[in-house]
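Data block below; observations after.
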Amino acid sequence: MNIGRCTKFAAVLAIVALIVGFSACDQAQQLLFPAPPETGLPDEVIIGVSLPLDDENGPLYGLPMKRGFELAQAELNHYGGPQISFIIEDDRSTIEGAKAALNKLIHQDGVSIITGITFSTQLRALAPIIEENGVVCYSSVSSAAGLSALSDFIFRTGLPTNVLNPAGIQASQEKLGYQRAALIYDEADVYSTSSNEEVTKALAASGVEIVITETIQTDGTDFRQQLTRIMETNPDAVFISALSAQMTDLMIQGREVGIPTSITYIVPDLTGNEVQIAGEAAEGAITFTNWSAMADTPGNQDFVARYKAKYGIDADPWAAQSYATLYILAEAIANAQSTEATAVRDELAKIMDFPTVMGNFSFDEVGDAVYDPIILTVENGELVAFE
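Written as structure tokens, this is what we have:
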């Protein structure tokens, strides 16, 4: 029986603590700990959350993230001890909205720990504010390369593009043998640009010829001209680096202009939501991702079941990563016995082989995540393991 560690947030502060690892039978394990007579924590631990909620990215990113945070919050609070509370701000998917949310949380609400921070474009712009104010900003999903290195107070749960994309390209190219690749990416988005840069480097390392590179803009909706030019080069594979709405438009419009299904779409961070929206256009696509509902990682199958029972829909990577993020934060807060930003930062940096739904989780020297990436493909409208 492989029982993971109990998150110390509950372990050291309450009578009962939740084990975040599970047995082979996926049965949650519980462990009793005597509560210490005194702790350095208040009765309520307040965490700021910055998310897109009331725009087009709310259903795609913000709401799944919010559900993941709230599911973990309910589990942790169930076992007593200091109660986790959220102050949630809508960042409206913009740099200006993210700055307003961050400044409110820091200066008006007095929050020292902030999570969410969906988009890499936002996180890059926020880095000077984070560093100047010395607050922990732990992004659960942003993944452009190099952003955690911008401040000692930035940590991330998503694997960065310079880790995820090379691993996926090596595995998929070895199996499929593609030799000619076309690239298309959103040049206005930091994540998409970073993803494309890492794809370009990884393809060169694998000896794959890049026959054409096209760009789009985040606010665009018609990409048929770029996709037609791609089709005319007759590549073996088309690499798409974009956010959710543009990702699905590109897959659909590519098939509409005549890119045949024999030319594989390779789309980092493709989720089941985009697969359903793209429909037949997504069939056969390959993705490199952080989490899968099928994975036998610590507590994952129980998380999948509880999420479906609570919300009536399937979990996606953004929910799973946010769920894991709160457990990791709770571990660091408990180890620090404080919500002071520097103390929490120092304990986050020590996280090593912590069991999560993504697998055993560690941070590297700059605050980026370390765990095993996952490669999936679309078969019959569903994401399945790429074997």
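Every letter in the sequence shown is one number past the one before it in this note's numbering, and letter 318, counting from 1, is 302. Note that beta-carbon positions come from the ideal geometry of N, C-alpha and C, so glycine has one too.
Collapsed DSSP secondary structure at residue i in the structure displayed
i: Leu134; result: helix
i: Glu366; result: strand
i: Pro339; result: strand
i: Gly5; result: Any reading at Gly5 must be qualified, since the residue scores a pLDDT of 39, below 50, and its modelled position is unreliable; the value itself is stated next. Of the three classes helix, strand and coil, the one that applies to Gly5 here is strand, per DSSP.
i: Ser176; result: helix
i: Arg76; result: coil
i: Tyr311; result: helix
i: Glu267; result: coil
i: Ala293; result: helix
i: Ser306; result: helix
i: Gly81; result: helix
i: Thr197; result: strand
i: Leu360; result: strand
i: Ala299; result: coil
i: Asn344; result: strand
i: Ile317; result: helix
i: Ala353; result: strand
i: Gln14; result: Below a pLDDT of 50, predicted positions are generally treated as unreliable, and Gln14, at 32, falls in that range; no measurement from the model is reported.
i: Thr281; result: coil
i: Ala129; result: coil
i: Gly52; result: helix
i: Lys185; result: helix
i: Leu25; result: coil
Selected residue, minimal CA-CA separation from residue i, among the options
i: Glu258; options: Leu25, Glu324, Thr281, Asn41; result: Asn41
i: Tyr249; options: Trp302, Thr323, Leu160, Lys185; result: Leu160
i: Thr245; options: Ser179, Gly296, Ile236; result: Ile236
i: Ile243; options: Met215, Asp253, Glu267; result: Met215
i: Ile270; options: Arg213, Ser96, Tyr162, Asp75; result: Tyr162
i: Thr197; options: Asp203, Ala189, Asp170; result: Asp170
i: Ala229; options: Ala262, Gln210, Arg239; result: Ala262
i: Asp136; options: Pro48, Lys334, Met342, Asn364; result: Lys334
i: Gln67; options: Ala82, Ser77, Gly365, Asp27; result: Asp27
i: Glu115; options: Arg290, Ala133, Ser124, Ile168; result: Ala133
i: Arg239; options: Glu264, Thr199, Asp253; result: Glu264
i: Phe223; options: Asn364, Gln201, Glu182; result: Glu182
i: Glu80; options: Arg108, Gly351, Gln57, Ala314; result: Arg108
i: Ile168; options: Leu37, Leu234, Leu89; result: Leu234
i: Ala279; options: Leu187, Leu148, Lys88, Met342; result: Met342
i: Glu267; options: Gln92, Leu360, Ile153, Arg140; result: Leu360
i: Phe53; options: Asn274, Ser123, Asp93; result: Ser123
i: Tyr63; options: Asn319, Ala314, Asp300; result: Ala314
i: Phe70; options: Leu211, Thr273, Thr78, Met49; result: Met49
i: Ala221; options: Leu187, Trp275, Pro301; result: Leu187
i: Phe272; options: Pro301, Ile297, Gln285, Lys292; result: Pro301
i: Val288; options: Gly32, Asp38, Leu55, Ile31; result: Leu55
i: Asp203; options: Gly365, Ala226, Ile297; result: Ala226
Sequence-distant residues of the same chain with beta carbon closer than 8 angstroms to residue i, five excluded per side
i: Thr340; result: Val4, Thr281, Pro282, Gly283, Ala308, Tyr311, Ile312, Tyr355
i: Ser104; result: Ser126, Ser127, Ala128, Leu131, Asp173, Val174, Tyr175, Ser178
i: Ile317; result: Phe(-7), Leu25, Val29, Ile97, Thr323, Val328, Glu331
i: Pro118; result: The question names Pro, but residue 118 in the sequence shown is Gly. Once the five neighbours on either side are set aside, the close Cβ partners of Gly118 are Phe137, Ala325, Thr326.
i: Cys385; result: There is no way to answer for residue 385, as the model of the chain reaches only from -15 to 371.
i: Ile241; result: Residue identity check: residue 241 is Val in the sequence provided, not Ile. If we look at Val241 and ignore the five residues flanking it on each side, its Cβ neighbours are Arg208, Leu211, Thr212, Met215.
First through last residue of the alpha helix (DSSP H) which encompasses residue i
i: Arg208; result: 208 to 217
i: Gln260; result: 256 to 262
i: Glu158; result: 145 to 160
i: Tyr45; result: Where Tyr45 is concerned, there is no enclosing alpha helix (DSSP H), given that its DSSP letter is neither H nor E.
i: Gly238; result: 228 to 240
i: Gln201; result: That residue, Gln201, is in no alpha helix (DSSP H); it is neither H nor E in DSSP.
i: Glu115; result: 104 to 117
i: Ser322; result: Looking at the DSSP string, Ser322 is not in any alpha helix (DSSP H), and its letter there is neither H nor E.
Residues near residue i by beta carbon distance below 7 angstroms, same chain, minus five either side
i: Pro219; result: Arg164, Ala165, Ala166, Val195, Ile247
i: Pro18; result: Unreliable positioning characterises Pro18 in this predicted model, as indicated by a pLDDT of 33, which lies under 50. The coordinate reading is nonetheless provided below. Nothing meets the Cβ criterion.
i: Gln11; result: The predicted model places Gln11 with a pLDDT of 29, which falls under 50 and marks its position as unreliable, so this point remains unresolved.
i: Leu86; result: Ser34, Ile98, Leu110, Ile113
i: Gly191; result: none
i: Val368; result: Leu360, Thr361
Continuous beta strand (DSSP E) stretch holding residue i: start and end
i: Gln92; result: That residue, Gln92, is in no beta strand (DSSP E); it is neither H nor E in DSSP.
i: Asp170; result: 164 to 170
i: Ala221; result: 221 to 225
i: Leu35; result: 28 to 35
i: Val400; result: Nothing about residue 400 can be reported from this structure: the residues present for the chain run from -15 to 371 only.
i: Ile101; result: No beta strand (DSSP E) contains Ile101, which DSSP labels as neither H nor E.
i: Tyr249; result: 248 to 250
Same chain, Cβ closer than 6 angstroms to residue i, five either side skipped, listed in chain order
i: Ala151; result: Pro357
i: Asn344; result: Asp337
i: Arg51; result: Tyr295, Ala303
i: Pro144; result: Ser127, Ala129, Asp352
Beta-bridge partners of residue i, as assigned by DSSP
i: Thr273; result: Ile358
i: Arg140; result: Ser123
i: Ser69; result: Ile30
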